[in-house]
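Per UniProt numbering, residue 1 is the first one in the sequence shown, and the count goes up by one each step.
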Amino acid sequence: AGGMGGWIALIRVAACAVAAAVALKRDVAYRQRVEGWNSILGMDITGDTLDLRHPTGASCSVKKHGAHVCSWNPAGESEVMYMSDMAKFGENDAIRGGIPICFPQFGPRGDLPQHGFMRKSNDWVLSSQFTSKAGDMVLTFKHTDTEATRGSAWPHPFECEYEVRLNQETLTTKLRVRNTGEGDFTFTCALHTYFRVGEA
1 AGGMGGWIAL
11 IRVAACAVAA
21 AVALKRDVAY
31 RQRVEGWNSI
41 LGMDITGDTL
51 DLRHPTGASC
61 SVKKHGAHVC
71 SWNPAGESEV
81 MYMSDMAKFG
91 ENDAIRGGIP
101 ICFPQFGPRG
111 DLPQHGFMRK
121 SNDWVLSSQF
131 TSKAGDMVLT
141 FKHTDTEATR
151 GSAWPHPFEC
161 EYEVRLNQET
171 LTTKLRVRNT
181 GEGDFTFTCA
191 LHTYFRVGEA
């Protein structure tokens with residue numbers, strides 16, 4: 001019986017070692033996804049710009065500043081987004097072109113500067129990145145209220161979740177807004193898309 005107990009103990013130790021190795025491998029893979037290039041997902045998330053490259057050849061680029069989509073090419077097609085030659089990419093600049101996120105105010109009608117504070121924000125956080133079962137490449141950003149937003153003319157607790165989804169032919173963006181406080185609030189918003197077109 002003692003010999004059998006020894007074998008059981010060895011099996012348990014081996015199983016724990018395998019589990020630890022799998023966990024370590026998963027952790028390394030996760031850190032590779034978060035910190036740099038992921039060849040399986042086709043995502044380069046180093047630096048200030050997140051680049052998605054779909055296996056079909058479709059691509060898009062998203063600036064961390066403002067979670068701002070700056071470029072989109074469907075597979076085999078030319079650039080769809082318009083970007084102004086005068087676009088600036090500084091810390092406090094609103095990028096002229098692509099898809100600015102206007103929140104919690106669209107346009108000049110309100111107490112905030114035009115189009116609100118989100119399009120200029122550096123507080124967007126990349127919360128997840130993955131490839132769906134259907135082959136879509138997905139980035140999700142989150143933004144919550146900060147000391148700066150609470151000190152603005154719109155001081156409410158909130159959470160925004162912004163999804164960018166790329167496949168062979170389409171780019172889908174979704175903005176979800178959640179009230180995390182006890183009081184009500186109102187807002188206006190827009191994904192203010194600039195498309196590249198010929199002479200108008």
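Ideal placement from N, C-alpha and C gives every residue a C-beta, glycine not left out.
Please look up how many angstroms separate the CB atoms of ASP136 and ARG176, rounded, as I've assumed it's under 8 Å. Not confirmed; about 17 Å, so no contact.
Since GLU182 is in the beta strand (DSSP E), which residue starts that stretch and which ends it? Segment: none, GLU182 is in no beta strand (DSSP E) and carries neither H nor E.
Alpha-carbon to alpha-carbon, THR56 and GLY183: 47 Å
Can the beta-carbon of GLY98 be found closer than 8 Å to that of TYR162? no
Just to check my reading of the structure: THR167 and ALA94 have Cβ atoms closer than 8 Å, yes? What is that Cβ distance to the nearest angstrom? At residue 167 the sequence reads Asn, which differs from the Thr that was named. The Cβ separation is near 29 Å, so there is no contact.
C-alpha gap between LEU191 and ILE101, whole angstroms: 5 Å
Using the C-alpha atoms, what's the distance from SER132 back to PHE117? 31 Å
Could you check the C-alpha separation between HIS115 and ARG53 for me, to the nearest Å? Straight-line Cα distance between these residues: approximately 30 Å.
Specify, as a first and last residue, the run of the alpha helix (DSSP H) that GLU147 falls within. 147-150
CA-to-CA distance, MET81 to LYS142, given in whole angstroms: 23 Å
Grouping DSSP H, G and I as helix and E and B as strand, with all else coil, what is ALA58? ALA58: coil per DSSP, three-state reduction.
According to DSSP, is LYS64 part of a helix, a strand, or is it coil? coil
Pair within 8 Å by beta-carbon distance, SER71 and SER78: No. Outside cutoff.
Beta-carbon proximity list for ASP123, same chain, < 7 Å, skipping 5 on both sides: HIS143, THR146
Using a Cβ-Cβ cut-off of 7 Å (strictly less than) and excluding sequence neighbours within five positions of ALA67, which residues of its own chain qualify? Answer for ALA67: ILE101, TRP124, PHE141, TYR162, listed in chain order.
Would the beta-carbon of ALA153 fall within 8 Å of that of ASP111? yes
SER121 burial status per 10 Å Cβ neighbour count (16 or more: buried): buried
In angstroms with no decimal places, state the Cα-to-Cα distance between PRO113 and PRO155. Using only the alpha carbons, I get a separation of about 14 Å.
Does DSSP put residue 259 in a helix, a strand or coil? Shown here, the chain extends from 1 to 200; a query on residue 259 therefore has no answer.
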